[in-house]
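The opening position of the sequence shown corresponds to residue 1 in the UniProt record's numbering, with each subsequent residue numbered one higher.
Okay, structure first, notes after.
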Amino acid sequence: MGELLKLSDERASTAAGVIRAIAGDAARLREDQETAVAALCEPNARVLVVQATGWGKSAVYWAATAIRRSEGAGPTLVVSPLLSLMRDQVAAAARAGLRAATLNSSNVDAWSGIENDLRSGAIDVLLVSPERLANPGFGRRVLDGLAGQIGLLVIDEAHAVSDWGHDFRPDYRRVSDVLQKLNPQTPVLATTATANARVTDDVAHQLGQSTLVLRGPLARSSLQLAVVDALSPLDRFAWVVDQLPKLPGSGIVYTLTVSDAQRLAAAIQEVHGAAVPVAAYTGGLEASEREYLEDALRGNKLKALVATSALGMGYDKPDLGFVVHVGSPPSPVSYYQQVGRAGRGIDHAVVALLPSPADAGVWDYFATATIPVPEQVNRLLRGLEAYGPDQPATVPSLEAETGLRRGRVELMLKQLAVDGAVERVERGWIRTAIDWTFDADHYDGIVAVRRREADIMRAYTRGERCLMQLLQESLDDPSAERCGRCSVCLGLLPDPLTAKPDPETVHAITRLLRGETHVLEPRKMWPGGAFGAKGKIPPALMAEPGRTVVFADAPEWREVISETFSSGTGGDPAAMDALKAGCVAALSRWRDAWSRRPEVVVTLPAAGYRWLTTEIADHLAEIGRLERAELTVDSTAFADDQSSAEEARVWRDGVSIDPTTAQAIGGKSVLLVVDASSSQWPITVAAAKLRESGADAVLPLLIHRKP
């Protein structure tokens, strides 16, 4: 392809016009950009571009699209991961003189018109998510009509095509289906800033043997990287509250969980109010709300978005002045991607990481969260087979049939579709004739890679060598070298990162966060399987919505939980008093939502801390003037690795109610005090037994909802 890597004068003129329209009159195509554009102007091209954030990867496909459309080619199809990226790209295309449109969940009313414009040739670029690409209705209405007519296929954030990438996303793997529908002459461009050598080779292999790989240096001279260490989880919150007003411009504060994003944003708002405007940004927001918040940050109406990784790929704000991470991401790939939001159009941006040993628990979860569990997959396949080929099963029906959680059902169906064992049709999912087997070696390899990446992040947080160099090396960048400006190279933290959190701020945040209400929604479906019963739990056996005092790894409670749950005899009295006060406060905030005031307190030591549930229950009974009763509990058969059905069976067999307790709860409202649980099965089963024995209502108070 060497003789084709320079643009003809006419093509170069078209490309130059696009670049000037996007980036200004002085902008010119870089050498590698021109090489990529020239290659994509030829039939059957396969190009993989691995370049740093801000390099101009999108300029390649806008220029190539303009050239190909001027020569009579069909529209460009861009597979893009996030709505924020799509909106930015639609605007960029317009500046380049191209008409772009997107089909996504936020513009359903416009789909019909867009599809008509696409068929008529009025649209130059269509942007879709991988999920939309895998939708059978979209395939029938749009892709089938475009078969053989697509002028250029672009796979943005292409590392997600590889399951060796930082985030295994099954729908992205379905891109191969589109490749098969294409005219073999259609050029394909894949772009990413976050691919090490293994991922690069994997993606290039999927594209084809003739793939041209253009890889550049990944160092970002505008970023000043720093690690702010020796902070407790709660101190990290306080540090952000104190230092946020002093950070340059506006930026992003990343957290590892949705809960932390919401809680940290609330803490900043409580302390600073309108003086330091912030908002929480998570994947659970409606598309319109996400768009509003993205625009607010882009317009500097917010000092920061406190965000999960949902605000990552594709969000473009050239003057973003800082990125702070409260908690380390599990891999250098995802970390590089997120810090790359900063300093794209300015000379200097601050990047600070606030790590904690507690981050490792989140890493362990992410390392295995997307790995199929054979028992669950086989249960799902059996449930699917019950419907037959002419009766597609919906996700809600499979949830009811199998007892698996809906999110888990959706993920496994997508993974099975990649393996060909199931197929998504317009009315649901059907089983195919292809057998499924668990490829243990393959998934063990994925977990091993993720654990090695976690070790790299540990080295980063310890500051073992230049931070930028370590990130470059983790992405197999041959140009990696010391940056001379990070906190390791300088041997110090730049201002304002050196300050310690104000004790008054720590106290204020502790008080605020301990005053939160965490609703504990009851389970509504029996698990089936080893438990036997499946389907909806009858209302007469269901618990009321309960309350949780300590949710997951809440930083404001971490020391208290450590002190109380690490002891078999009561632990530190001050910690126990704090926990008792938290339970009383939770009941006080709960009062207005009670269907009926509790009259009897019953303990359920689901995690084995009988002394803890007894002391809490006795305290609540005394101050609330409630009766006391006990369950008979044998949890010796419980194990952490049990399936939902197996765990529910353990509690069904291990919880009983003697005649004295049955008499005490008859016709009354029961407050069920539970020490700790992650699954809620002990609560669900115990509530059903209490209702069967005559309780009029069961109100669960869970001391610690384990992650």
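Glycine included, each C-beta is placed from N, C-alpha and C at the ideal position.
Quantities reported herein were computed from a predicted structural model and do not represent experimental measurements.
### Task
Could you tell me if residue 3 is buried or exposed, where buried requires 16 or more neighbouring beta carbons within 10 angstroms of its beta carbon?
The residue given as residue 3 occupies position 3 in the sequence shown. Caution is warranted here: a pLDDT of 46 is assigned to residue 3, below 50, making its placement in the model unreliable, and no coordinate value can be reported.
### Message
So within the stretch 379-425, which uninterrupted alpha helix (DSSP H) runs reach at least 4 residues, ignoring any that extend past its ends?
### Response
395-402 and 406-418
### Message
Just to check my reading of the structure: residue 63 and residue 29 have Cβ atoms closer than 8 Å, yes? What is that Cβ distance to the nearest angstrom?
### Response
Numbered from 1 along the sequence shown, position 63 holds the residue referred to as residue 63. Numbered from 1 along the sequence shown, position 29 holds the residue referred to as residue 29. Indeed, because the Cβ distance is near 7 Å, the residues count as touching under 8 Å.
### Query
In chain order, which continuous runs of the beta strand (DSSP E) of length 3 or greater are located wholly inside the stretch 523-610?
Counting only unbroken stretches of 3 or more residues, the beta strand (DSSP E) elements lying wholly within the stretch 523-610 are 525-527, 534-536, 546-551 and 600-604, in sequence order.
### Message
Within a Cβ cutoff of 7 Å, which residues of the same chain sit near residue 368, ignoring the five residues on either side of it in sequence?
### Response
Walking along the sequence shown from the start, residue 368 turns up at place 368. The answer, listed in chain order, is 447.
### Message
My output table needs one value for residue 638: the three-state DSSP class, helix, strand or coil.
### Response
Counting from 1 along the sequence shown, the entry for residue 638 is found at position 638. In this structure, DSSP gives residue 638 a state outside helix and strand, which the three-state scheme calls coil.
#### Entry: Identity of the residues DSSP links to residue 630 by a beta bridge
Start at 1 with the first residue of the sequence shown, and residue 630 comes out as number 630. 603.
### Message
I'd like the span of the beta strand (DSSP E) that includes residue 700, first residue to last.
### Response
On the sequence shown, residue 700 is found 700 positions in, with the first residue counted as 1. Where residue 700 is concerned, the enclosing beta strand (DSSP E) stretches over 697-705.
### Of the residues 43, 545 and 142, the one placed nearest residue 687, counting alpha carbons only
In the sequence shown, residue 687 corresponds to position 687, counting from 1. Taking residue 687 as reference, the option from 43, 545 and 142 with the minimal CA-CA separation is 545.
### Message
Going by DSSP, what residue range makes up the beta strand (DSSP E) through residue 676?
### Response
Here residue 676 is taken as the residue at index 676 of the sequence shown, counted from 1. For residue 676, the enclosing beta strand (DSSP E) starts and ends at 669-677.
### Query
Is residue 100 helix, strand or coil when you go by DSSP?
Numbered from its first residue, the sequence shown carries residue 100 at position 100. For residue 100, the secondary structure class from DSSP, reduced to helix, strand or coil, is strand.
### Task
Under 6 Å Cβ to Cβ from residue 236, same chain only, skipping five residues before and after it: list those, please.
In the sequence shown, counting from the first residue as 1, residue 236 sits at position 236. Cβ neighbours of residue 236 beyond the five flanking positions: 326 and 354.
### Message
Only counting the same chain, and skipping five residues up and downstream in sequence, which positions put a Cβ closer than 8 Å to that of residue 222?
### Response
Reading the sequence shown from its first residue, position 222 is the one you call residue 222. So the list reads 342, 343, 344, 346, 347, 348 and 349, once near-sequence residues are dropped.
### Task
Between the Cα of residue 150 and those of 229, 69 and 214, spot the shortest distance and give me the residue it belongs to.
Residue numbering aside, residue 150 sits at position 150 when the sequence shown is read from its first letter. The candidate whose alpha carbon is nearest that of residue 150 is 69.
#### Entry: 7 Å CB neighbourhood of residue 166 in its chain, flanking five on each side removed
Against the sequence shown, residue 166 aligns to sequence position 166. Residue confidence for residue 166 is low, a pLDDT of 43 falling below 50, so the modelled location carries little weight; the figure read from the coordinates is stated next. Closer than 7 Å at Cβ, skipping near neighbours: 159, 194, 331, 333 and 334.
### Message
So residue 37 and residue 15 are supposed to be a Cβ contact under 8 Å. How far apart are they, rounded?
### Response
Start at 1 with the first residue of the sequence shown, and residue 37 comes out as number 37. Start at 1 with the first residue of the sequence shown, and residue 15 comes out as number 15. Your pair residue 37 and residue 15 checks out as a contact, with CB atoms roughly 6 Å apart and the cut at 8 Å.
### Message
Buried or exposed for residue 581, going by 16 or more other Cβ atoms inside 10 Å?
### Response
The residue you call residue 581 lines up with position 581 of the sequence shown. Burial call: exposed.
### Task
Please determine if the stretch 636-648 and the stretch 519-539 are in contact, where contact requires at least 3 C-beta pairs separated by less than 8 Å.
Yes: at least three Cβ pairs fall under 8 Å.
### Query
Given that a residue counts as buried once 16 or more other Cβ atoms are within 10 Å of its Cβ, and exposed if not, what is residue 660?
Counting from one through the sequence shown, the residue named residue 660 turns up at place 660. Exposed, since its Cβ has fewer than 16 Cβ neighbours within 10 Å.
### Task
On the DSSP bridge assignment, give the partners of residue 322 in chain order.
What you label residue 322 is simply residue 322 of the sequence shown in a count that begins at 1. In DSSP, residue 322 forms a bridge with 251 and 350.
#### Entry: Where the beta strand (DSSP E) through residue 480 begins and ends
Along the sequence shown, one-based indexing puts residue 480 at 480. Segment: none, residue 480 is in no beta strand (DSSP E) and carries neither H nor E.
### Task
My understanding is that residue 19 touches residue 45, with C-beta atoms under 8 Å, so please give their C-beta distance in whole angstroms.
In the sequence shown, the residue the question calls residue 19 occupies position 19. In the sequence shown, the residue the question calls residue 45 occupies position 45. About 20 Å; that fails the 8 Å criterion.
### Query
Going by the CB atoms, is the gap between residue 498 and residue 242 shorter than 9 Å?
Position 242 of the sequence shown, counted from the start, is the residue given in the question as residue 242. Position 498 of the sequence shown, counted from the start, is the residue given in the question as residue 498. Contact flag unset, no.
### Message
Distance cutoff 9 Å, beta carbons only. Does residue 333 sit that close to anything in chain C?
### Response
Looking for chain C here will not work: only one protein chain is present.
### Task
Taking all protein chains shown into account, decide if residue 135 is buried (16 or more other Cβ within 10 angstroms of its Cβ) or exposed.
Stepping through the sequence shown from its first residue, residue 135 is reached at position 135. Buried, because 16 or more other Cβ atoms sit within 10 Å of the Cβ of residue 135.
### Message
Suppose the cutoff is 7 Å on Cβ atoms and the five residues either side in sequence are ignored; what does the same chain contact list for residue 585 look like?
### Response
Here residue 585 refers to the residue found at position 585 when the sequence shown is read from its first residue. Around residue 585: 515.
### Query
In or out: residue 609 buried (at least 16 other Cβ within 10 Å) or exposed?
Counting from one through the sequence shown, the residue named residue 609 turns up at place 609. Classification for residue 609: buried.
### Message
Just to check my reading of the structure: residue 76 and residue 152 have Cβ atoms closer than 8 Å, yes? What is that Cβ distance to the nearest angstrom?
### Response
As a working mapping, residue 76 is identified with position 76 in the sequence shown. As a working mapping, residue 152 is identified with position 152 in the sequence shown. 4 Å between Cβ atoms; contact.
### Message
Please tell me whether, using a cut-off of 8 Å, the distance from the CB of residue 598 to the nearest non-hydrogen atom of the ligand NAD is below it.
### Response
Here there are no bound small molecules, and the ligand NAD is not part of this structure.
### Query
Are there 16 or more other CB atoms within 10 angstroms of the CB of residue 691, so buried, or fewer, so exposed?
Within the sequence shown, the letter at position 691 stands for residue 691. Classification for residue 691: buried.
### Task
Could you please give me the residues that DSSP links to residue 428 through a beta bridge?
Working through the sequence shown from its first residue, we reach residue 428 at position 428. Answer by DSSP bridge pairing, in chain order: 425.
### Query
Mind checking residue 442: buried by the 16 CB within 10 Å criterion, or exposed?
Position 442 of the sequence shown, counted from the first residue, corresponds to residue 442. Flag for residue 442 reads exposed.
### Query
In three-state terms, what does DSSP make of residue 14?
To locate residue 14, count along the sequence shown from 1; it is residue 14. Looking at residue 14 - three-state DSSP - the assignment turns out to be helix.
### Task
Count the C-beta pairs between the stretch 255-265 and the stretch 213-230 that are closer than 8 Å, then say yes if the count reaches three, no if not.
no
### Task
Please name the residue, chosen from 12, 464 and 72, that lies closest to residue 491 on a Cα-to-Cα basis.
Here residue 491 refers to the residue found at position 491 of the sequence shown. Of the listed residues, the one whose Cα sits closest to residue 491 is 464.
#### Entry: Residue interval of the alpha helix (DSSP H) (run including residue 434)
Reading the sequence shown from its first residue, position 434 is the one you call residue 434. No alpha helix (DSSP H) contains residue 434, which DSSP labels as neither H nor E.
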